[in-house]
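Here is the structure we will look at, set down as structure tokens.
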Amino acid sequence: PLFFKYVHDHWTEHHGRYPSTGMLAIIFALHICDQVSVFGYGADQQGNWHHYWEDNRYGGAFRKTGVHSAEFETHIIHQLAREGKISLHL
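Spelled out as structure tokens, the structure:
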């Protein structure tokens, strides 16, 4: 719970109700690994996030719930890649 709060407070800055498990995993990896490579994280080129449990073509309904801030998390992930802190492979 404390790490969850840390990520929500300091990384996702309270965008969305809580950070995604993907975001939590990336930040956790940054704390314990020498190198972090991220594969296939985030939205597709049309801005749609896909979730295996959804029965719709683009997963857009979940994205609109506000549970996670897809746009803000994607921004943070790309910023980390630009700064050389992670290797991003989409």
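For the sequence shown, the UniProt record's numbering gives the first residue as 1, with consecutive numbering after it.
Beta carbons: idealized from backbone N, C-alpha and C, even for Gly.
Burial of I27 is indicated by the presence of at least 16 other C-beta atoms within 10 angstroms of its C-beta. The bridge partners DSSP lists for H89 are F39.
Residue environment analysis places V67 among the exposed positions, since fewer than 16 neighbouring C-beta atoms fall within 10 angstroms of its C-beta.
In the structure shown, the three-state DSSP call for H68 is strand. Across the set H31, A25, E83, the C-alpha of A25 shows the shortest separation from the C-alpha of F39.
In this structure, the alpha-carbon of L80 lies about 18 Å from that of H14.
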